[in-house]
Amino acid sequence: MTDQPEPAPYPDALKAELLEIALDAAARAGAFLRDGRPEDLGVAATKSSAVDVVTEMDIASEKMITGLLADRRPDDGVLGEEGASVEGSSGVQWVIDPIDGTVNYLYGLPSWAVSIAARVHGETVVGVVYAPVRGETWRAVLGDGAFLNDRPLHVRPAPALGLALVGTGFGYLAERRARQAEVVRELIPQVRDIRRGGSAAIDLCDVATGRLDAYYERGLNPWDYAAGDLIAREAGALTGGRPGERLSPDLTVAAPSGLFELLQGRLEELGAWHD
Ligand code: LIP
135 MTDQPEPAPY
145 PDALKAELLE
155 IALDAAARAG
165 AFLRDGRPED
175 LGVAATKSSA
185 VDVVTEMDIA
195 SEKMITGLLA
205 DRRPDDGVLG
215 EEGASVEGSS
225 GVQWVIDPID
235 GTVNYLYGLP
245 SWAVSIAARV
255 HGETVVGVVY
265 APVRGETWRA
275 VLGDGAFLND
285 RPLHVRPAPA
295 LGLALVGTGF
305 GYLAERRARQ
315 AEVVRELIPQ
325 VRDIRRGGSA
335 AIDLCDVATG
345 RLDAYYERGL
355 NPWDYAAGDL
365 IAREAGALTG
375 GRPGERLSPD
385 LTVAAPSGLF
395 ELLQGRLEEL
405 GAWHD
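Residue numbers 135 to 409, in the working numbering, belong to the letters of the sequence shown in order.
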């Protein structure tokens, strides 16, 4: 069981401002990415491996988002996947994935999103995930519920592990993927089926929406999960990493109570938290 943080009291005006800014930034960046994607989009750079790619659009999206944030809240901190790093002095930190599901975006597949979270003194208070091609915007404010467009969300009731549709993902290093394949090889006969969508943010939102019973992945970064974690929790999921731990690059797990504990325990037995 993971101790879910108790909603701390934040001023309604602050929560409303952070949500409005996150929605505006995600909408602007998402429209730019959807409508301005070059037909000949290529790889601008690689990071941890030849398949860990960055496009010119990842970089442009992050620049657009950080520029809007600087205009609206110049004293806030910023952490972005493509290098944005501002300390800030307000106690508010924005955590940005300018394109979550970059490989899907590069190949023209629809499951990619702009993910923006606002943390106040380290606690995620606002999360927005916008999937433009799917026409879907997920949002959550700490303690105020989760929504898909304007529909309130709640996770599916927890099924038995053997009936669970489980999302997961794989890393950019071949050695890590080989280990992750060993884990999923052991798990797949013990669940309904596995889905690999390619965007952690959308996978976490799909748990919130009831389109997945559970999701787990090793190797995510805070920008991958910050917004989706809050959205999943506000929709009634438990989220965490190894037993008793919060989400981390070691392991991310999300599912309704009753399934969360079973899956987390099985992943612990399988050593899903290490390469
Ligand atoms: C992606 C994650 C996905 C994971 C990919 C990649 P990116 O993030 O959203 O779940 O399986 O390996 O890390 O790199 O597209 O922002």
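From the three backbone atoms N, C-alpha and C, an ideal C-beta is built for every residue, glycine too.
heavy atom of the ligand LIP below 7 Å from residue i C-beta
i	result
THR180	no
VAL237	yes
GLY305	yes
GLU115	Missing from the structure shown is residue 115; the chain here goes from 135 to 409 and no further.
SER333	yes
ASP231	yes
ASP409	no
GLU215	yes
ASP363	no
ASP358	yes
ASP340	no
ASP234	yes
ASP384	no
ASP337	yes
Beta-carbon proximity of residue i to residue j, cut-off 8 Å
i	j	result
SER245	GLY164	no
LEU338	ASP363	yes
GLN227	GLY242	no
ASP358	ALA388	no
VAL220	ALA361	no
PRO286	ARG168	no
PRO232	GLU257	no
ALA308	ALA369	no
MET191	LEU213	no
Close-in-space but distant-in-sequence residues of the same chain around residue i (CB under 7 Å, 5 per side omitted)
i	result
LEU148	none
ALA159	ILE199, LEU202, LEU203 and ILE250
ILE328	VAL300, THR302, VAL318 and ILE322
LEU393	ALA292, PRO293, LEU295, ALA298, ASP347 and ALA348
GLY353	GLY305, ARG310 and PRO383
MET135	Note that MET135 scores a pLDDT of 44, beneath 50, so its modelled location is shaky and nothing firm can be said.
Residues bridged to residue i [DSSP beta-bridge criterion]
i	result
THR258	ARG253
TYR349	GLY301 and ALA388
SER219	LEU213
GLN314	None; GLN314 has no bridge partner.
LEU282	TRP272 and ARG285
GLN324	In the DSSP output, where bridge partners are listed per residue, GLN324 has none listed.
Three-state secondary structure assigned by DSSP to residue i
i	result
GLU395	helix
ASP192	helix
GLU403	helix
GLU379	coil
TYR241	helix
GLY374	strand
ASP358	helix
MET135	In this prediction, MET135 has a pLDDT of 44, which is less than 50 and means its spatial position is unreliable; what the coordinates show is noted afterwards. DSSP places MET135 in coil when its eight states are reduced to three.
ARG273	strand
LEU175	coil
VAL248	strand
ASP169	helix
ARG319	helix
ASP409	coil
ARG329	strand
ASP340	helix
ASP158	helix
ASP231	strand
Close beta carbons around residue i, own chain, < 8 Å, minus the five adjacent residues each side
i	result
ALA179	VAL187 and VAL188
GLU320	LEU404
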